[in-house]
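Per our numbering, the very first residue in the sequence shown carries number 1; after that it's consecutive. Beneath this line is the structure, given in structure tokens, with notes to follow.
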Amino acid sequence: MELACHTDNMRQDAQAWRKFESIYERLTAFYGQKALADKDTVFELHCRNYINRHAISDKAYLKEIGKGLYLDLCAYDHSCAPNTIYSCNGFIATLRPLSSNVNIHDTTTTFYSYIDLFASKEQRKRMLKDTWYFDCQCSRCSDDTEHVLTSALCDSCKKPLCIFGSRATAHAQDTTCPNCNTVCSKERVMEAVKTMRFTDRILERNEFDLMSTAIARNFLSDLLTRYATILSPVNIYYCRLIQAIIPRIDSTDQEDLLGYHLDALECMKVCYPLNHPALAFHLMNIGILCTNLNKKEEATDYLTQSQSMLNFVLGDDHFMSNANRKHLDRANAF
């Protein structure tokens with residue numbers, strides 16, 4: 001199998017080239033020029049490693065702890081609607097199907113994701129183009145309903161109103177809600193676009209990390225209150241603000257935490273395929289919060305869903321499966 005290297009793309013990528021120059025300078029300083037292959041060969045090896053390396057996560061599938069080059073995984077292509085995931089136990093990576101009809105031995109029909117799926121079509125395409133130098137044409141990126149992740153809120157029926165895709169064009173003066181036929185003005189559409197761009201900018205800059213927890217929480221809360229009248233609840237930018245505020249909520253505010261987790265659930269279901277560990281983990285957190293609030297029926301429902309997903313994908317003896325089972329037993333003990 002020939003590993004992709006994209007040497008021409010990386011030579012033309014100023015940032016990628018600067019990174020290589022920095023690495024090569026350190027290599028020559030440590031080993032000496034005579035101990036190394038010629039610079040072009042080293043660059044090609046660097047490109048093959050950079051393009052094909054994989055993130056190594058902790059056992060809980062929550063945190064990246066390193067990078068590794070797995071030749072078996074390199075045989076599979078990317079999809080933003082993957083039918084497998086790979087999990088790590090130390091430096092051992094295992095490809096796992098997300099449904100029973102996946103033949104993982106068929107590399108033409110089996111896909112996993114190179115990137116975080118909690119992103120809009122535009123964001124995912126940009127990440128893939130910037131790092132792997134290809135334009136994604138997977139089933140999810142080709143699906144026009146995907147534009148719900150960048151939808152505005154219809155003023156009339158309060159349903160998601162897609163302002164991108166085949167239903168709306170950049171030249172359209174107005175956008176009509178397909179649910180209630182209410183016309184959304186171009187000014188309203190532009191307000192939603194500006195809101196998403198502003199959100200993307202402040203999240204990219206990690207501006208909240210420069211604030212105290214209380215100030216960041218209040219700022220995010222104000223944004224969410226304002227944006228709730230502009231963006232739909234399933235809008236990815238709105239939900240990324242929810243993602244940002246959750247760790248800044250006091251752990252004693254269980255009702256608020258539950259509300260935010262529930263608000264993000266529909267967006268999570270759009271972004272992640274059924275049985276994906278990220279979705280299971282979100283359901284588990286909802287179940288835990290429901291348990292803490294003595295909502296037994298809801299707790300057992302969410303934790304049972306999560307248990308089923310984790311057992312199927314990761315196995316019933318996995319760290320996350322065992323953790324969820326303990327929470328489910330606690331909920332059932334009420």
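The beta-carbon is built from N, C-alpha and C at its ideal position, and this holds for glycine as well.
Report the three-state DSSP secondary structure of P247 (helix, strand or coil). The sequence position of residue 247 within the sequence shown is 247, counting from 1. In this structure, P247 counts as helix in the three-state DSSP scheme.
With a 10 Å radius around its C-beta and 16 neighbouring C-beta atoms as the bar for buried, classify R205 as buried or exposed. Mapped onto the sequence shown, residue 205 falls at position 205. Exposed, because fewer than 16 other Cβ atoms sit within 10 Å of the Cβ of R205.
Spatial neighbours of S185 in its chain, beta-carbon cut-off 7 angstroms, leaving aside the 5 residues before and after: One-based indexing of the sequence shown puts residue 185 at position 185. Closer than 7 angstroms at the Cβ level, and outside the excluded window around S185, lie D174.
Would you decide whether T94 is buried or exposed? Buried here means 16 or more other CB atoms lie within 10 Å of its CB. Here residue 94 refers to the residue found at position 94 when the sequence shown is read from its first residue. Classification for T94: exposed.
Distance between beta carbons of C141 and K121, contact taken as under 8 angstroms: The sequence position of residue 121 within the sequence shown is 121, counting from 1. The sequence position of residue 141 within the sequence shown is 141, counting from 1. Yes, K121 and C141 are in contact; Cβ-Cβ is about 6 angstroms, under 8 angstroms.
DSSP three-state label for T7, please. Reading the sequence shown from its first residue, position 7 is the one you call residue 7. Correct three-state label for T7: helix.
If you reduce the DSSP assignment to three classes, tell me which class N89 lands in. The sequence position of residue 89 within the sequence shown is 89, counting from 1. Strand, per DSSP.
Less than 6 angstroms between C-beta atoms, sequence neighbours within five positions excluded: which residues of the same chain meet that for R18? The residue given as residue 18 occupies position 18 in the sequence shown. For R18, where only same-chain residues beyond five positions count, there are no Cβ hits under 6 angstroms.
Determine the contact status of H276 and I51, defining contact as a CB-CB distance below 9 angstroms. Taking the first residue of the sequence shown as position 1, residue 276 is located at position 276. Taking the first residue of the sequence shown as position 1, residue 51 is located at position 51. No.
From I56, N332, T7 and C88, pick the residue whose C-alpha is nearest to that of I65; which is it? Position 65 of the sequence shown holds residue 65. Closest by alpha carbon: I56.
Close beta carbons around V234, own chain, < 8 angstroms, minus the five adjacent residues each side: Here the question's residue 234 lines up with position 234 in the sequence shown. Taken in chain order, the residues that qualify are V148, L149, S151, P160, E266, C267 and V270.
Give the secondary structure of L73 by DSSP, where H, G and I count as helix, E and B as strand, and everything else as coil. For the purposes of this step, residue 73 is taken as residue 73 along the sequence shown, with counting starting at 1. L73 falls in the helix class under three-state DSSP.
With DSSP as the reference, please indicate the residues paired to R96 in a beta bridge. Walking along the sequence shown from the start, residue 96 turns up at place 96. DSSP, once it has assigned bridges, lists I85 as partnering R96.
Going by DSSP, what residues sit across from T175 in a beta bridge? By 1-based counting over the sequence shown, the position of residue 175 is 175. Answer by DSSP bridge pairing, in chain order: C184.
Short of 8 angstroms in beta carbon distance, which residues of its chain neighbour R201, apart from the five on each side in sequence? Order them along the chain. As a working note, residue 201 is residue 201 in the sequence shown. Here the set comprises nothing.
Can you give me the C-alpha to C-alpha distance between T195 and A214, rounded to a whole angstrom? If you number the sequence shown from 1, residue 195 lands on position 195. If you number the sequence shown from 1, residue 214 lands on position 214. Roughly 23 angstroms separates the two Cα atoms.
Of the listed residues I288, Y237 and A280, nearest to G259 (C-alpha basis): Your numbering for residue 259 matches position 259 in the sequence shown. If we check each option's Cα against that of G259, I288 comes out closest.
Cβ pair N285, H318 closer than 9 angstroms: On the sequence shown, residue 285 is found 285 positions in, with the first residue counted as 1. On the sequence shown, residue 318 is found 318 positions in, with the first residue counted as 1. No.
Any chance the segment 72-83 sits against the segment 30-43, with 3 or more Cβ pairs inside 8 angstroms? no
Does E2 come out as helix, strand or coil in the three-state DSSP assignment? Counted from its first residue, the sequence shown places residue 2 at position 2. In the structure shown, E2 sits in coil (DSSP, three-state: anything other than H, G, I, E or B).
Once DSSP output is grouped into helix, strand and coil, what is the label at P273? Working through the sequence shown from its first residue, we reach residue 273 at position 273. DSSP places P273 in coil when its eight states are reduced to three.
Give a yes or no on whether the C-beta atoms belonging to E62 and P82 are separated by under 9 angstroms. The count along the sequence shown starts at 1 and reaches residue 62 at position 62. The count along the sequence shown starts at 1 and reaches residue 82 at position 82. Here the sequence assigns Leu to residue 62, which means Glu is not the residue at that position. No, these two residues do not count as a Cβ contact at 9 angstroms.
Could you compute how far the alpha carbon of T300 sits from the alpha carbon of C290? Start at 1 with the first residue of the sequence shown, and residue 300 comes out as number 300. Start at 1 with the first residue of the sequence shown, and residue 290 comes out as number 290. Each residue's alpha carbon lies about 9 angstroms from the other.
Under three-state DSSP, which class holds L161? Numbered from its first residue, the sequence shown carries residue 161 at position 161. Of the three classes helix, strand and coil, the one that applies to L161 here is strand, per DSSP.
Secondary structure at L117, three-state DSSP: helix, strand or coil? Start at 1 with the first residue of the sequence shown, and residue 117 comes out as number 117. Looking at L117 - three-state DSSP - the assignment turns out to be coil, as it is neither helix nor strand.
Please work out which residues of its chain come closer than 7 angstroms, Cβ to Cβ, to N49, disregarding the five sequence neighbours upstream and downstream, and give them in chain order. Translated into positions along the sequence shown, residue 49 becomes position 49. Same-chain partners within the cutoff: L69.
Under 9 angstroms between the Cβ atoms of R330 and D316? As a working note, residue 330 is residue 330 in the sequence shown. As a working note, residue 316 is residue 316 in the sequence shown. Not in contact: R330 and D316 (Cβ atoms no closer than 9 angstroms).
Tell me whether L274 is buried or exposed, calling it buried when 16 or more other Cβ atoms sit within 10 Å of its Cβ. As a position in the sequence shown, residue 274 is number 274, starting the count at 1. Exposed, since its Cβ has fewer than 16 Cβ neighbours within 10 Å.
What does DSSP give as the partner residues of S57 in its beta bridges? Locating residue 57 in the sequence shown gives position 57, where the first residue counts as 1. Answer is E64.
T176 versus F164 - alpha carbon distance: In the sequence shown, counting from the first residue as 1, residue 176 sits at position 176. In the sequence shown, counting from the first residue as 1, residue 164 sits at position 164. So the two alpha carbons sit approximately 12 angstroms from each other.
For A244 and L203, which I take to be in contact (beta-carbon distance under 8 angstroms), what is that distance rounded to the nearest angstrom? Residue numbering aside, residue 244 sits at position 244 when the sequence shown is read from its first letter. Residue numbering aside, residue 203 sits at position 203 when the sequence shown is read from its first letter. Contact flag correct, Cβ pair sits at about 7 angstroms.
Going along the chain, which unbroken runs of the alpha helix (DSSP H) with 4 or more residues stay wholly within the segment 4-52? 7-12, 14-31 and 39-52
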